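The sequence shown maps to residues 1385 to 1987 in our numbering. Yeah, the Cβ is synthetic: ideal placement off N, Cα and C, and Gly gets one too. All of these numbers come straight from a predicted model, not from anything done at the bench. Okay, structure first, notes after.
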Amino acid sequence: MNKLITSKIIYKEIIKFCFNEKGKWKYQLALVNKQWFGLIKKTIYSFLVEDFNSLLYLEKRLKIIYKIQEGQRRLDYHNKYFHSSNLIYNDNSNNYYSLLNGLKEIKFLNLDKNSKLNGEFKNNENEKEIQEYELILKSIRELICKIISINKLKFTRSDKFYLDFKPYSNYLSSFYIKSSNEITFPLNIIGNTITNSPNLKTLSLSSFCYCSNPIEFFKSISKSNIVNFYLNIQSSGNLLIDRLLDLNYTSIKVSGAKLFLTRFNQLVSTPGIEYIDSPIHIMENEPIENIKTFCNNIQNNNSILKLSISGGLYNNFNYNNDNNNNNENVLNSQLNLIILSNLFSKVFYYNNTIKSLCINKLPILTSEFFNSLKSNSTIDHLELTDGTLNLDLLNDLSNLLITTSSWPCGNGEILNKSNIKYLSIRNNNLSDINSSLSIMFLNNKTLRGIDLSNNDFTIHQTAKIFESISNNKFYINNLYKVNFSNSCKFQTKESIKPINDYINNSKSLIAINLYNCYFNEQLDNKQQNQQQQQQQQQQQQQQQQQQQQQQQQQQQQQQQQQQQSQEFNKQDQQDQQQQQLLSNNNDMILFSKKFDYRSFFIV
1385 MNKLITSKII YKEIIKFCFN EKGKWKYQLA LVNKQWFGLI KKTIYSFLVE
1435 DFNSLLYLEK RLKIIYKIQE GQRRLDYHNK YFHSSNLIYN DNSNNYYSLL
1485 NGLKEIKFLN LDKNSKLNGE FKNNENEKEI QEYELILKSI RELICKIISI
1535 NKLKFTRSDK FYLDFKPYSN YLSSFYIKSS NEITFPLNII GNTITNSPNL
1585 KTLSLSSFCY CSNPIEFFKS ISKSNIVNFY LNIQSSGNLL IDRLLDLNYT
1635 SIKVSGAKLF LTRFNQLVST PGIEYIDSPI HIMENEPIEN IKTFCNNIQN
1685 NNSILKLSIS GGLYNNFNYN NDNNNNNENV LNSQLNLIIL SNLFSKVFYY
1735 NNTIKSLCIN KLPILTSEFF NSLKSNSTID HLELTDGTLN LDLLNDLSNL
1785 LITTSSWPCG NGEILNKSNI KYLSIRNNNL SDINSSLSIM FLNNKTLRGI
1835 DLSNNDFTIH QTAKIFESIS NNKFYINNLY KVNFSNSCKF QTKESIKPIN
1885 DYINNSKSLI AINLYNCYFN EQLDNKQQNQ QQQQQQQQQQ QQQQQQQQQQ
1935 QQQQQQQQQQ QQQQSQEFNK QDQQDQQQQQ LLSNNNDMIL FSKKFDYRSF
1985 FIV
């Protein structure tokens, strides 16, 4: 009798197949389902190695890819001479090749914590296992060198494993390494990777603090074809940065180090540079010529497309310093700030190449700066964050973003040419007292993304801002991203109705972030909960104190009881000794022990 095939049986067979094949079922299913094929194609773009088992699986997968790649290469070679359409490379693993050849990136994550992969096991394991481990690394290294599609390698907190692995490839175009700083990192090993990877274009070094052997590294990077360089140093020293910035890059990002204004001026003047993301450090006694050069270089630059500058000017321009010895430095700092603000405000009247402008922790903005942006139609991405924008300039920003606005110039008016599509003013502690933002959101016709997170809008201001956004018809079809996290408060649940209507009616919204935005009722409940928690904590503390007092009393009683017991034991010993003495005599005299009330018998 034939067994009836039901959906339940099919489901069981699929589950069984999944467990037996250990992952191959995903590729098998992709071959018969077009939608699943597209999904799997995206998910296998990169491979993650977190332990020894995933390293073994990586080796098997690379062998399959290389085998099929060589088969296809031979097929192409024969077709070149015979022009035959009947020559089709056939192999049992060929079904997976259309998926597996999508592997472009390999990530190695947190392997310094894995004793099997950080080299520590070599001191404890036998030679056979050590040889097996080294053969696996050698095999993977050789396969990476041969497989055309793999062009990205990332090592995150895997320093010891990287030093054992020593990868390189002619096809490698991007290399990233984030140090765990558990060892002093020999930079010459990275130099070997750079030297043996002639097509390497992007190099990212992150969280480096302790380094050694930099000479070979500098030589290799100076002879390389690297055009994109990203450096994050966990140190205030500039030993690395000065040597590295002598080279010419197309894009460069620096963080974690002080970049003095003279060095930054040299960086901006690099021919062909397109992207700069770097802090600038302005000294209290900074020469005015350096400030002028800084503004002139940005103003006259014709290659930079994205400029992101940040600084610690709050530390350099210290207005509240009461030390009389530093009065001269404070005055110099204030003067430098005024000069920098005035010169920088006119830069974008002339620069028409920068498309993305990000200013962070630099309070150098003026009303003239926003007027200069009105005449600039190139900048479409603007970020003024972390104390860069203050409340006095909020109205100027609003006028900039009202598309139909104009401002007087000479005998007439000039129309606003600004074309800003993304605006971020996060973490400025702003409030919309004069309704500048709500008026701007009601009339703006350019913004596609908004980030107002980490500000301080009142309940009334929040309602007006959301009402303006929901009433702007342009935003219904064009606004795709909104971030108000940790900024807004609502009176009641009904007050969120405008933004709820906008979300329902929007045809373009992809993401909205209202994290840590509370209703007024929730705020009251939250305060009550906090008070209750505090009361509970106080009660717990009181109970703990009482318990401690009781424990101390018990300990004292126990000590007293021990002392008493010791005294009684001494008396017993004396009595026993006396009894022994008496019993040794010929005259039989009975000596009975004393009975005393002993409190430690009572529990």
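For Tyr1429, the number of other beta carbons within 10 angstroms of its own is below 16, and it is reported as exposed. Residue pairing of Glu1767 in beta bridges, as defined by DSSP: Cys1742, Ser1808. When the five nearest sequence neighbours on each side are left out, the beta carbons in the same chain lying within less than 8 Å of the beta carbon of Tyr1864 are those of Arg1832, Gly1833, Ser1892, Leu1893, Ile1894, Ala1895, in order along the chain. By the CB criterion at 8 Å, Tyr1734 and Leu1689 fall outside the cutoff. Counting the other CB atoms within 10 Å of its CB gives Leu1768 a total of 16 or more, which places it among the buried residues.
Contact check for Ser1802 and Asn1828: beta-carbon distance about 10 Å, past the 8 Å limit, so the pair fails to qualify. Inter-residue distance for Ser1608 and Ser1558 is about 13 Å (C-alpha atoms, whole angstroms).
Within its own chain, the residues whose Cβ lies closer than 6 Å to the Cβ of Asn1838, once the five positions on either side in sequence are excluded, are Arg1810, Asn1811, Asn1870, listed in chain order.
Bounds of any alpha helix (DSSP H) do not take in Ser1591; it lies within the beta strand (DSSP E) bounded by 1586-1592. For Phe1868, the closest alpha carbon among the candidates Ser1564, Gln1924, Asp1840 is that of Asp1840. Leu1556 is positioned such that its CB atom lies no closer than 8 Å to that of Ile1573. Counting only residues of its own chain and dropping the five nearest sequence neighbours on each side, Asn1554 has a CB closer than 8 Å to the CB of Cys1529, Ser1581, Pro1582, Asn1583. Residue Cys1593 holds the alpha-carbon nearest to the alpha-carbon of Ser1564 among Lys1550, Cys1593, Lys1538, Ile1578. Sorting Thr1846, Leu1724, Tyr1633 by C-alpha distance to the C-alpha of Phe1678 places Leu1724 at the top. For Gly1833, the enclosing beta strand (DSSP E) stretches over residues 1833-1835.
Ile1605 has its alpha-carbon roughly 8 Å from the corresponding atom of Thr1579. Beta bridge pairing from DSSP links Ile1664 with Gly1695. Straight-line measurement puts the Cα of Phe1754 at about 6 Å from the Cα of Asp1780.
The bridge partners DSSP lists for Ala1641 come to none. Where Tyr1546 is concerned, there is no enclosing beta strand (DSSP E), although the alpha helix (DSSP H) around it starts and stops at 1543-1549.
Buried is the label assigned to Lys1544, since at least 16 other Cβ atoms lie within 10 Å of its Cβ. Sequence-distant Cβ neighbours of Cys1742 in its own chain, meaning closer than 6 Å and more than five residues away, are Ser1692, Glu1767.
Pro1747 sits in coil when the DSSP states are folded into three classes, being neither helix nor strand. Residues Cys1679, Ile1748 of the same chain have their beta carbon placed closer than 6 Å to that of Phe1728, with the five preceding and five following residues left out of the count. If you ignore the 5 residues before and after Arg1627, its C-beta comes within less than 8 Å of the C-beta of Pro1598, Phe1602, all in its own chain and listed in chain order. For Asn1612, no alpha helix (DSSP H) segment is defined; the enclosing uninterrupted segment is the beta strand (DSSP E) at 1612-1617. For Ile1786, there is no enclosing beta strand (DSSP E), as DSSP gives it neither H nor E.
For Lys1488, there is no enclosing beta strand (DSSP E), as DSSP gives it neither H nor E. Judged by DSSP secondary structure, Asn1888 falls within the alpha helix (DSSP H) whose first and last residues are 1881-1889. In the DSSP assignment, Ile1574 falls within the unbroken alpha helix (DSSP H) covering 1571-1579.
Here Phe1903 is bridged, per DSSP, to Phe1874. Here Arg1457 is exposed. Its C-beta has fewer than 16 other C-beta atoms within 10 Å. Sixteen is the threshold: when 16 or more other Cβ atoms of the shown chains lie within 10 Å of the Cβ of Ile1610, as they do, the residue is buried. Our two residues, Asn1686 and Leu1589, have alpha carbons roughly 28 Å apart in a direct line.
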